[in-house]
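> Supplied in structure tokens, the structure appears directly below.
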Amino acid sequence: MTKDELKDLLMNRKNSSLILSDEEIQKAYDFCEGYMKFMSTAKTEREVNVFAINEAKKKGFKQFNFGDKVNVGDKIYFDNRGKAVILAVIGSDSLENGVNLTAAHIDSPRLDLKENPLYEQDELGFFKTHYYGGIKKYQWTTVPLSLHGVIIKKDGEKVIVNIGEDENDPVFVVTDLLPHLAQNQMKRPASEIIRGEELNILIGANCVKGEDLNNRVKANILQILNKKYGIIESDLLNAELEAVPCYKAKNVGFDCSMIGAYGHDDKVCAYPELCAILDIQNPKKTAVAILTDKEETGSDGNTGLNSSYLKYFLEDLAATFGANPRLMFSNSKCLSADVNSAFDPTFPDVFEKANSSFLNYGVVVTKFTGARGKSGTSDANAEFVAEIHHLFDNENVIWQNGELGRVDLGGGGTVALYMANLNIDTIDVGVPVLSMHAPFEIVSKLDTYMAYKAFYVFQK
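Below you can see the structure in the form of structure tokens.
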């Protein structure tokens, strides 16, 4: 056996910047220009939903309603309550032979306003919040925040809120103690340096003049909200308002090889997945892309993938062709498109290096997630793992394996188990991320582009 042949027998992962040509690297960087614009404007699940549907319409996708007749070659989308969307390109093969699915989530960790959020304390106005998803609470103080969402007025009118993103908009912030007075605060455990009830967003300081009121700052804020949106305080009970970092996606590093942004988890998979389904033409098997909600809180709720909306969609699709839905599910395959934790050399102790993913090493194929006994994972079978590995090798998709940290430390959920529970072969494929769930996460441009290639070759 030659030295080169021996090398081929060994796992030999390489940084993709060493493998790709300058032309391919430029193609990846060009792809990420679109991704960065997307990340700077579509920060919530509602905004991603609108973006996806608008882009789909440009490519000829038509809205699908349960019971609609569908033909081979049709491009359709199903909008689930403005917070999740399914896109499909109908293939020439029988649905009973299965469909190829990709599934990413479009919600990200954030601060949600409580139902009755507005209050005044010592002549400062605040919004009370309840954090959404797994966060390090102390990371969310002193970060400039924007406010996104909807308010439903008493007359049924829906008011869309997006304030803090424009250069001329005000922003909002959670305050923190100065170091000089934080001696006792710094003695708290890290999980309580900032407590949940201390994540209060500062929103105003001016008082209403000439009024005999106890809450003059609150009254002034309500006047501003009424003038801008036509709402009263009780309308906030009918609102979904999310506070997210207001900054735009930025290049990171002297070489501009990385992207820093809020919400890479999981929009760095959702955007490539969307681009892939929009580029699919005349597939043999029907291609389906799912952009779902609520993953960060367990995928429950009627816009999360633990609900039945995907199952109903696929069953209704099967019915239009007279196909047996059980056969369709059993023969279908899915890439659960979710991020993985990139190896961080500053904190190596929480990783097992041989089974970790690395920035710039390509898209991550994760056979199983979970921890402490593989809890909460679907654990793809070896035959399907090999099929995906061989597909990526044959299509020149740079990929790597990776797990979510050490056995007794790591874990983390994805939507894979909900797909697998439908008797669909499913495996996690996604992009490695540094500083996951922080207000500013880091990904590699080359990995992001490889995610697009992976999803495209899987569905084409």
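Read in order, the letters of the sequence shown are residues 507 to 966 in the numbering used here. Every residue gets a Cβ at the ideal spot worked out from N, C-alpha and C, and that includes glycine. Since this is a predicted model, take the numbers as computed values, not measurements.
Can the beta-carbon of alanine 795 be found closer than 9 angstroms to that of valine 869?
Translated into the one-based positions of the sequence shown, residue 795 becomes position 289. Translated into the one-based positions of the sequence shown, residue 869 becomes position 363. No, they are not a contact pair.
> Would you give the residue range spanned by the alpha helix (DSSP H) that arginine 552 belongs to?
On the sequence shown, residue 552 is found 46 positions in, with the first residue counted as 1. Taken as a continuous stretch (DSSP letters only), the alpha helix (DSSP H) holding arginine 552 covers 551–564.
> On the criterion of 16 or more Cβ atoms from any shown chain inside 10 Å, does glutamate 703 qualify as buried, or is it exposed?
Counting from one through the sequence shown, the residue named residue 703 turns up at place 197. So glutamate 703 counts as exposed.
> Need the endpoints of the beta strand (DSSP E) that lysine 634 sits in, please.
In the sequence shown, residue 634 corresponds to position 128, counting from 1. Start and end: 630–638.
> For arginine 616, which residues does DSSP report across the bridge?
As a position in the sequence shown, residue 616 is number 110, starting the count at 1. DSSP output for arginine 616 lists Tyr638 as bridge partner(s).
> Excluding the 5 residues flanking aspartate 850 on each side, which residues of the same chain have their C-beta closer than 7 angstroms to its C-beta?
Translated into the one-based positions of the sequence shown, residue 850 becomes position 344. For aspartate 850, where only same-chain residues beyond five positions count, the Cβ hits under 7 angstroms are Leu940.
> Looking at the structure shown, is tyrosine 962 part of a helix, part of a strand, or coil, going by DSSP?
One-based indexing of the sequence shown puts residue 962 at position 456. Tyrosine 962 falls in the helix class under three-state DSSP.
> Under DSSP, the beta strand (DSSP E) around leucine 607 begins and ends at which residues?
In the sequence shown, counting from the first residue as 1, residue 607 sits at position 101. Its beta strand (DSSP E) spans residues 606–611.
> Which class does phenylalanine 567 belong to by DSSP, given the choice of helix, strand or coil?
As a first step, residue 567 must be located in the sequence shown, where it is residue number 61. Phenylalanine 567 falls in the coil class under three-state DSSP.
> Identify which residue in Ile727, Asn907, Glu673 and Met834 has its Cα closest to the Cα of threonine 547.
If you number the sequence shown from 1, residue 547 lands on position 41. Checked all of Ile727, Asn907, Glu673 and Met834; the closest Cα to threonine 547 is Glu673.
> Whole angstroms is fine: what's the gap from phenylalanine 857's alpha carbon to lysine 660's?
Position 351 of the sequence shown, counting from 1, holds the residue named residue 857. Position 154 of the sequence shown, counting from 1, holds the residue named residue 660. So the two alpha carbons sit approximately 52 angstroms from each other.
> Measuring only the C-alpha atoms, how far is asparagine 577 from isoleucine 596?
Taking the first residue of the sequence shown as position 1, residue 577 is located at position 71. Taking the first residue of the sequence shown as position 1, residue 596 is located at position 90. Cα to Cα, asparagine 577 sits roughly 7 angstroms from isoleucine 596.
> Can you check DSSP and say which residues form a bridge with glutamate 893?
By one-based count along the sequence shown, residue 893 stands at place 387. Beta-bridge pairing links glutamate 893 to no other residue.
> In chain order, what residues of the same chain lie with their CB nearer than 6 angstroms to the CB of aspartate 682, ignoring the 5 residues before and after it?
On the sequence shown, position 176 is the one that residue 682 refers to. Counting only Cβ-Cβ distances below 6 angstroms, and skipping sequence neighbours, we find Thr647 and Thr648.
> Could you tell me whether the region 923–930 touches the region 746–755, using the rule of 3 or more Cβ pairs below 8 angstroms?
With the cut-off at 8 angstroms, the region 923–930 and the region 746–755 do not touch.
> Residues bridged to phenylalanine 678 by DSSP?
Translated into positions along the sequence shown, residue 678 becomes position 172. BP columns for phenylalanine 678 point to Leu651.
> Measure the Cβ-Cβ separation of alanine 696 and lysine 642 and say whether it is below 9 angstroms.
Taking the sequence shown and counting its residues from 1, the one referred to as residue 696 is at position 190. Taking the sequence shown and counting its residues from 1, the one referred to as residue 642 is at position 136. Yes, the Cβ-Cβ distance between alanine 696 and lysine 642 is below 9 angstroms.
> Can you tell me whether serine 740 is buried or exposed, with buried defined as 16 or more other CB within 10 angstroms of its CB?
Taking the first residue of the sequence shown as position 1, residue 740 is located at position 234. Flag for serine 740 reads exposed.
> Going by C-alpha distance, which of Ser842, Ala824, Phe827 and Arg912 is nearest serine 862?
The residue given as residue 862 occupies position 356 in the sequence shown. Of the candidates Ser842, Ala824, Phe827 and Arg912, the one whose C-alpha sits nearest the C-alpha of serine 862 is Arg912.
> Report whether the distance from the Cβ of lysine 880 to the nearest heavy atom of the ligand GDP is below 8 angstroms.
For the ligand GDP, the structure offers nothing, since it holds no ligand at all.
> Taking the alpha-carbon positions, what's the glutamine 691 to asparagine 668 distance?
Here residue 691 corresponds to residue number 185 of the sequence shown, with the count starting at 1. Here residue 668 corresponds to residue number 162 of the sequence shown, with the count starting at 1. Near 34 angstroms, if we compare the C-alpha coordinates of asparagine 668 and glutamine 691.
> Does the count of Cβ pairs from the region 722–734 and the region 904–923 closer than 8 angstroms reach three?
No: the two stretches stay apart, fewer than three of their Cβ pairs being nearer than 8 angstroms.
> Where does the unbroken beta strand (DSSP E) through threonine 907 begin, and where does it stop?
Residue numbering aside, residue 907 sits at position 401 when the sequence shown is read from its first letter. Checking the displayed sequence, the identity of residue 907 turns out to be asparagine instead of threonine. Asparagine 907 -> beta strand (DSSP E) spans 905–907.
> Which stretch, first to last residue, makes up the beta strand (DSSP E) that contains glycine 967?
Here the chain covers residues 507 to 966 and nothing more, so residue 967 does not appear.
> Pairs of beta-carbons, one from the region 584–600 and one from the region 698–718, closer than 8 angstroms: are there three or more?
These segments do not touch.
> Taking the beta strand (DSSP E) that tyrosine 867 falls in, what are its first and last residues?
Here residue 867 is taken as the residue at index 361 of the sequence shown, counted from 1. From DSSP, tyrosine 867 is part of no beta strand (DSSP E); its letter is neither H nor E.
> Which partner residues does glutamate 530 have in the DSSP bridge list?
Taking the sequence shown and counting its residues from 1, the one referred to as residue 530 is at position 24. Beta-bridge pairing links glutamate 530 to no other residue.
> What residue range does the alpha helix (DSSP H) around isoleucine 525 cover?
Along the sequence shown, read from residue 1 onward, the residue named residue 525 stands at position 19. Run containing isoleucine 525: 522–525, per the alpha helix (DSSP H) assignment.
> Evaluate contact between the region 544–559 and the region 604–620, counting only Cβ atoms and requiring at least three cross-stretch pairs below 8 angstroms.
Contact holds: three or more Cβ-Cβ distances are below 8 angstroms.
> Helix, strand or coil, according to DSSP, for glycine 810 in the structure here?
Start at 1 with the first residue of the sequence shown, and residue 810 comes out as number 304. Residue state, collapsed to three classes: strand.
> Tell me the rounded alpha-carbon separation between isoleucine 525 and glycine 936.
Counted from its first residue, the sequence shown places residue 525 at position 19. Counted from its first residue, the sequence shown places residue 936 at position 430. Their Cα atoms are separated by approximately 20 angstroms.
> Excluding the five sequence neighbours on either side, which residues of its own chain have a C-beta within less than 8 angstroms of the C-beta of proline 650, listed in chain order?
Along the sequence shown, read from residue 1 onward, the residue named residue 650 stands at position 144. Cβ within range, chain order: Gly670, Val677, Phe678, Val679, Pro751, Cys752 and Tyr753.
> Measure the CB-CB distance between cysteine 781 and phenylalanine 537 and report whether it falls below 9 angstroms.
Here the question's residue 781 lines up with position 275 in the sequence shown. Here the question's residue 537 lines up with position 31 in the sequence shown. Yes, they are a contact pair.
> Let's test the definition: count the other Cβ atoms within 10 Å of the Cβ of asparagine 866 and tell me whether it reaches 16, buried, or not, exposed.
Translated into positions along the sequence shown, residue 866 becomes position 360. It counts as buried.
> If glycine 918 and threonine 954 are in contact, beta carbons under 8 angstroms, what's the gap, nearest whole angstrom?
The residue you call residue 918 lines up with position 412 of the sequence shown. The residue you call residue 954 lines up with position 448 of the sequence shown. That belief does not hold up - the Cβ atoms of glycine 918 and threonine 954 are roughly 20 angstroms apart, past 8 angstroms.
> Between the region 765–774 and the region 840–847, are three or more C-beta pairs nearer than 8 angstroms?
Result yes; three or more Cβ-Cβ pairs closer than 8 angstroms.
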